[in-house]
Amino acid sequence: MPKCVLAFSGGLDTLVAISWLKERRNFDVIALAVDLGQGEDLEELGEIALRAGAVAARVEDLRESFYKDFIGPTLKALAHYEHGYLLSSALSRPLIARELVRVASEEGATHVAHGCSAKGNDQIRFEAAISALAPYLKIVAPLREWEYRNREQRIEYARAKKLPMPKSRVTGMNFGYDLNLWGQSIEIGMLEDTSRPPPEECYSLSVSPLYAPNQPEEIDIEFREGHPVGLNGRRMNPVPLIEKLNQMSGAHGIGRTDIIEDRLIGFKSREVYEAPAATTLYAAKRALEQMTLSRDSLQVREGLAVAYGRCVYNGQWYSDLREALDMFYERVNKNVTGTVSVRLYKGVATVFARQSEYSLYTVGAAAQREQIDNEAAE
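Residue numbers (our numbering): 22 to 399.
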């Protein structure tokens, strides 16, 4: 039988997809589960996939690659989409697509599959990336084909097939999450009504700023050429640094976003995100750039950050434009090195000090300029 590699999250949709691809499309399904910092037991996901009917399960810890190849370049650019979204979910799609292509090549698969619906941006991100990397692979999107139109029908199917899904994924799921190292998106049906606030219980990475500690926490973040390399005087690799900073910033209610977003597929939607570490790192790096970059470089960098964010959001990671932008930001960040002091307090990350050997700031320069101007006027 032909082989199909499925991006497997362990959620209801991809669990049902294994059985559906096997039963309806006669595929030998190879499940690919990747660790991008979502905190799940990948070995358990692999076992679940096998019990659901996959002929093989590949599990990969890709956190280091996620930072090096995707988060790091985006942080260098301070890229964003419509100001409020720091691209956590959008960044993971080209990485997963790259791994689908790699595993398909290793396994001799002719097809790859994803669990995206026809209503979201991710179907385009996955398929654009796969087509750019391996146009010969055929793409299957079960959610666009099968007859199960709502969650209840898929749960009924899973139970009928005795699929081994954890109880937490079947019951009590009022919210949908897409979590990785860089943050998470939260899906809540009730927020179709834009007059209603997100319920506090939907957040899992941060406390409410209203109930955050009454005492601020002051931290030091060290950067080298635009990358975070130290926290509070301790040198750290970016992945554990971000994991620690997610905990610290989240404890102070930092990183929540509730925006009306223009989706790639042509309509506005309300989106709720949490990105504690990313929010703090953006604030700190922006302050360091203000000290180490020229005015013209800052102005160009800020404008291109919007273009970079659109590349990520629109599924254009594997494009000449994104590669060209990376070359610009690689050069601009050569001197973005130093230490930034940040105060975490009640939902806000506030920079209060910074230092750099590449600082373009001269102590007293403004006062000297004012004195020269006054003398010239006299």
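Backbone N, C-alpha and C define an ideal beta-carbon position, used for all residues, glycine too.
Does residue i pass the burial test, meaning 16 or more other C-beta atoms within 10 Å, or should it be called exposed?
i    : result
V384 : exposed
G324 : exposed
Y157 : exposed
H104 : exposed
S189 : In this prediction, S189 scores a pLDDT of 48, lower than 50, which makes its location untrustworthy; the coordinate-derived value is nonetheless stated afterwards. Exposed is the call here.
P218 : exposed
N258 : exposed
T215 : exposed
R114 : buried
G330 : buried
G193 : For G193, the predicted structure reports a pLDDT of 44, less than 50, and the residue's modelled location is therefore unreliable. The matter cannot be settled from this model.
N356 : buried
D82  : exposed
P234 : exposed
K140 : exposed
P249 : buried
Y294 : buried
Y334 : buried
G136 : buried
Rank the options by C-alpha distance to the C-alpha of residue i and give the top, closest one.
i    : options                   : result
L154 : Q59, L266, R175 and E120  : E120
E292 : A73, A299 and C223        : C223
A370 : P23, R352, R277 and A162  : R277
A305 : V50, Q320, G31 and V372   : V372
M269 : L365, S340 and S30        : L365
A54  : V122, F29, E166 and E68   : F29
R256 : A52, E243 and A75         : E243
Y102 : S362, C332 and E166       : C332
S290 : V250, D317, D347 and E208 : E208
L99  : V250, I117, L319 and A70  : L319
Q337 : I51, L42, A118 and A52    : A118
G197 : A308, D341 and S110       : S110
G254 : R165, Y178 and V361       : V361
Can you grab the Cα-Cα spacing for the pair residue i / residue j, in whole Å?
i    : j    : result
E246 : N142 : 32 Å
E221 : G274 : 11 Å
G204 : S126 : 30 Å
I39  : E128 : 17 Å
L381 : G359 : 12 Å
E213 : D283 : 14 Å
V191 : G93  : Unreliable positioning characterises V191 in this predicted model, as indicated by a pLDDT of 41, which lies under 50. The coordinate reading is nonetheless provided below. About 35 Å.
E44  : E148 : 23 Å
N354 : P261 : 22 Å
F91  : N171 : 33 Å
F349 : V363 : 27 Å
N47  : A134 : 13 Å
Y339 : K89  : 16 Å
E310 : R343 : 21 Å
A52  : M22  : 16 Å
L226 : G271 : 6 Å
Y379 : D279 : 36 Å
A181 : S206 : 30 Å
E173 : A179 : 10 Å
W41  : R165 : 12 Å
V228 : S315 : 37 Å
E251 : K367 : Note that residue 251 is Gly in the sequence shown here, rather than Glu. Cα to Cα, G251 sits roughly 24 Å from K367.
K24  : A78  : 13 Å
R84  : Y232 : 31 Å
E351 : K97  : 8 Å
Beta-carbon separation of residue i and residue j under 8 Å?
i    : j    : result
A130 : V37  : no
I263 : L202 : yes
R72  : P185 : yes
Y377 : T300 : Residue identity differs from the one stated: residue 377 is Ser in this sequence, not Tyr. Result no, Cβ atoms of S377 and T300 do not sit closer than 8 Å.
D21  : R175 : Limits of the chain in this structure are 22 at one end and 399 at the other, which puts residue 21 out of reach.
Y303 : L107 : yes
I400 : V122 : Residue numbering for the chain in the displayed model covers 22 to 399; residue 400 lies beyond these limits and cannot be assessed.
L112 : T95  : yes
I286 : I145 : yes
P230 : N267 : no
E64  : G31  : no
A328 : L346 : yes
F87  : G58  : yes
D49  : V76  : yes
Per DSSP, residue i is paired with what?
i    : result
S206 : D199 and Y294
G21  : In the structure as shown, the chain begins at 22 and stops at 399. Residue 21 is therefore absent and cannot be evaluated.
H132 : C25 and K159
R146 : DSSP lists no partner for R146.
V37  : Paired residue(s): none; V37 is not in a bridge.
Y102 : Y106
I281 : R291
E213 : DSSP, once it has assigned bridges, lists no residue as partnering E213.
L309 : The partner list for L309 (beta bridge, DSSP) is empty, contrary to what the question assumes.
E18  : There is no way to answer for residue 18, as the model of the chain reaches only from 22 to 399.
I51  : V26 and A77
At a cut-off of 7 Å, would you count residue i as near the ligand ZN, judging by its Cβ distance to the nearest heavy atom?
i    : result
F196 : Although the ligand ZN was asked about, the structure shown includes no ligands whatsoever.
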